[in-house]
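Chemist: For the sequence shown, our numbering begins at 368 and goes up steadily by one. Note that beta-carbon positions come from the ideal geometry of N, C-alpha and C, so glycine has one too. Bear in mind that the values here come from a model prediction, so they are computed numbers and not experimental data.
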Amino acid sequence: MRKLFIALLSALLCLLLSVSALAADGLSTFQETQTYQPGMFSDVKAGSWYEAGVRAVYTRGIMNGTGGKAFAPSQTITWAQAAAIAARIHAACGGAEIAASDGAWYEPYVSYAAKAELLPSTCPEGAAAASTTITRQELAGLFANVLRADDLPPLNDQSIPDLAAVDAEFRAAVQRMYAAGVFTGKDGGRFDPKGSATRAEIAV
Numbered sequence: 368m369r370k371l372f373i374a375l376l377s378a379l380l381c382l383l384l385s386v387s388a389l390a391a392d393g394l395s396t397f398q399e400t401q402t403y404q405p406g407m408f409s410d411v412k413a414g415s416w417y418e419a420g421v422r423a424v425y426t427r428g429i430m431n432g433t434g435g436k437a438f439a440p441s442q443t444i445t446w447a448q449a450a451a452i453a454a455r456i457h458a459a460c461g462g463a464e465i466a467a468s469d470g471a472w473y474e475p476y477v478s479y480a481a482k483a484e485l486l487p488s489t490c491p492e493g494a495a496a497a498s499t500t501i502t503r504q505e506l507a508g509l510f511a512n513v514l515r516a517d518d519l520p521p522l523n524d525q526s527i528p529d530l531a532a533v534d535a536e537f538r539a540a541v542q543r544m545y546a547a548g549v550f551t552g553k554d555g556g557r558f559d560p561k562g563s564a565t566r567a568e569i570a571v
């Protein structure tokens, strides 16, 4: 069931996606719990490259807006937001529930992700999770923890020119994502491990 998650990584890190390993009905695992109306997010333009992705993740409760009528597609994703996405996907795939909390909006998700051992060691603690941008290599590490090794069968042997720049903790995760065809490079195939990703990219 976790193979459906490959669909949610499609534009992650400004990279191109290959969905060869994705089951055709992958997203059907998620129930559509919310209704998307065109124009409900004032900053999601009709026909934009990310509109369909926003619709898909919103209707399935994987991502929400950032307040008011904003989705903030160009905003870089924070640790708290990434942890929430990872926790929701992991819980949906495993039939688990994310316990409610009276604290900050992200606390239940970070707590769930921590207990499920999804969070890389670099995840900041407390309120810093909501204000700290997660890097590309950390995103790869986080989402690779949601998946088992057999959920990402190798599809190609693409090399990563800047693999040596990826921290040791995340190197295997980055290689898995590349080998599975989830990621291809930016300029010249570079991964740009210390770079960031936008909410639009994650949605797609």
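Kindly say whether Cys460, judged by its beta-carbon, lies nearer than 8 Å to any beta-carbon of chain D.
Modeler: Protein chains in the displayed structure number just one, and chain D is not present.
Chemist: List in chain order: all unbroken alpha helix (DSSP H) runs of 4+ residues lying wholly within the region 467-499.
Modeler: Inside the region 467-499, DSSP marks whole alpha helix (DSSP H) runs of 4 or more residues at positions 474-482, 495-498, from first to last along the chain.
Chemist: Regarding Asn523 and the ligand SAM, is the C-beta to nearest heavy atom distance less than 7 Å?
Modeler: By its list of ligands, the structure shown contains no ligand whatsoever, and the ligand SAM lies outside what it can speak to.
Chemist: By Cβ distance, which residues of its chain are closer than 8 Å to Thr524, with the 5 residues on each side in sequence left out?
Modeler: As a position in the sequence shown, residue 524 is number 157, starting the count at 1. Note that residue 524 corresponds to Asp in the displayed sequence, not to Thr. Close CB contacts of Asp524 within its chain, under the 8 Å cut and outside five residues either way in sequence, are with Ala546 (chain order).
Chemist: To the nearest angstrom, report how far apart Ala497 and Ile429 are at their CA atoms.
Modeler: Walking along the sequence shown from the start, residue 497 turns up at place 130. Walking along the sequence shown from the start, residue 429 turns up at place 62. If I take the Cα positions, the gap works out to 17 Å.
Chemist: Just curious, the alpha helix (DSSP H) that Gln542 is in, first and last residue?
Modeler: Sequence index remark: in the sequence shown, residue 542 carries index 175 (1-based). It spans 535-546 - the alpha helix (DSSP H) in which Gln542 sits, taken as one unbroken run.
Chemist: If we require 3 or more residues per run, which beta strand (DSSP E) segments fall completely within the region 397-436?
Modeler: DSSP runs (the beta strand (DSSP E)) wholly in the region 397-436: none.
Chemist: By a C-beta neighbour count over all protein chains shown, 10 Å radius and 16 as the cutoff for buried, is Glu568 buried or exposed?
Modeler: Locating residue 568 in the sequence shown gives position 201, counting from the first residue. When all chains shown are included, Glu568 counts as buried.
Chemist: From Glu536 to Pro528, what does the alpha carbon distance come to, in whole angstroms?
Modeler: What you label residue 536 is simply residue 169 of the sequence shown in a count that begins at 1. What you label residue 528 is simply residue 161 of the sequence shown in a count that begins at 1. One C-alpha to the other measures close to 18 Å.
Chemist: How about Ala449 and Tyr479: do their beta carbons lie closer than 8 Å?
Modeler: Taking the first residue of the sequence shown as 1, we reach residue 449 at position 82. Taking the first residue of the sequence shown as 1, we reach residue 479 at position 112. No, Cβ-Cβ distance for Ala449 and Tyr479 is not below 8 Å.
Chemist: So, do the region 552-561 and the region 407-426 have three or more beta carbon pairs nearer to each other than 8 Å?
Modeler: no
Chemist: For Leu530 and Asn431, what's the separation of their Cα atoms in angstroms?
Modeler: Counting from one through the sequence shown, the residue named residue 530 turns up at place 163. Counting from one through the sequence shown, the residue named residue 431 turns up at place 64. Between Leu530 and Asn431, the C-alpha separation is close to 33 Å.
Chemist: Buried or exposed: which applies to Gln404, given that a residue is buried once 16 or more other Cβ atoms fall within 10 Å of its Cβ?
Modeler: The count along the sequence shown starts at 1 and reaches residue 404 at position 37. When all chains shown are included, Gln404 counts as exposed.
Chemist: In whole angstroms, give me the CA-to-CA distance for Gln398 and Ser488.
Modeler: On the sequence shown, position 31 is the one that residue 398 refers to. On the sequence shown, position 121 is the one that residue 488 refers to. In a straight line, the C-alpha of Gln398 is about 32 Å away from that of Ser488.
Chemist: Could you work out which residue in Arg503, Ser526, Arg538, Thr433 is closest to Gly548 when comparing CA atoms only?
Modeler: Taking the first residue of the sequence shown as position 1, residue 548 is located at position 181. The option with the nearest alpha carbon to Gly548 is Ser526.
Chemist: Rounded C-beta distance between Ala458 and Glu464? I'm assuming under 8 Å.
Modeler: Position 91 of the sequence shown holds residue 458. Position 97 of the sequence shown holds residue 464. Indeed they touch by this definition, with Cβ atoms about 6 Å apart.
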